[in-house]
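Visitor: Please find one structure pasted underneath; my questions will follow.
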Amino acid sequence: MRKEMPEPEMRLWLELRASRFRGIKFRRQKVIGKYIADFAANEPKLVIEVDGDTHAGRESYDALRTRYLQEQGYTVIRFSNAEVMGNLDGVLERLGHIVDEMPSRPSTASHEGEGAKYSAPSLCPLQGRDTQPCEQSELGEVERGRRP
């Protein structure tokens, strides 16, 4: 895990931390299986990745990682450093739309400490990383968890 966040992650974290974004409790550098998500919430099951220059050339690794997170029921959304730095309000607006489209939270909490589990509806992986077409947006690419 990284101790110091890159500036784009820090800017986004300041908007997400302490349940500031729609009351959703995000954790940073959350371990999910053998992967570490930049930001993740359990209710709703949402992972936010901020992709910097280190992701160039790692498309197949990112696709495997995303597929694993989807199999765990997470919706994965990716933003580039440039999007976060140049249009943070647009990033937050897009996140809001994605949260609005997700299934509503379950009414009963589990005893696991972070709420009940549910699977997000399925949506294909990123275009160019699979043969299926994918929903495109101006800000962020959305990859939703698949139902088992």
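Okay, so the sequence shown: first residue is 1 according to the working numbering, each after it adds one. Glycine residues also receive a C-beta, built at the ideal position from the N, C-alpha and C atoms. Note that the structure is a prediction, hence the values are computed from the model and not measured.
#1: Could you give the DSSP three-state label for Arg28: helix, strand or coil?
#2: What residue range does the alpha helix (DSSP H) around Glu7 cover?
#3: Hey, out of Ser19, Glu49, Gly73 and Glu15, whose CA is closest to Gln29's CA?
#4: Give me the Cβ distance between Val76 and Pro8, rounded to the nearest whole Å; I'm assuming they're in contact under 8 Å.
#5: Round the Cβ separation of Leu16 and Phe39 to the nearest angstrom and send it over; I've been treating them as touching at under 8 Å.
#6: Taking C-alpha atoms, which residue in Val47, Ser104 and Gly23 lies nearest to Glu71?
#7: Check Arg67 in the structure and name its three-state DSSP category.
#8: Checking the sheet assignment: what are the DSSP bridge partners for Phe39?
Guide: Let me lay it out:
#1: strand
#2: Glu7 to Leu16
#3: Glu49
#4: So it is not a contact: roughly 17 Å between Cβ atoms.
#5: 6 Å
#6: Val47
#7: helix
#8: Arg28 and Ile48
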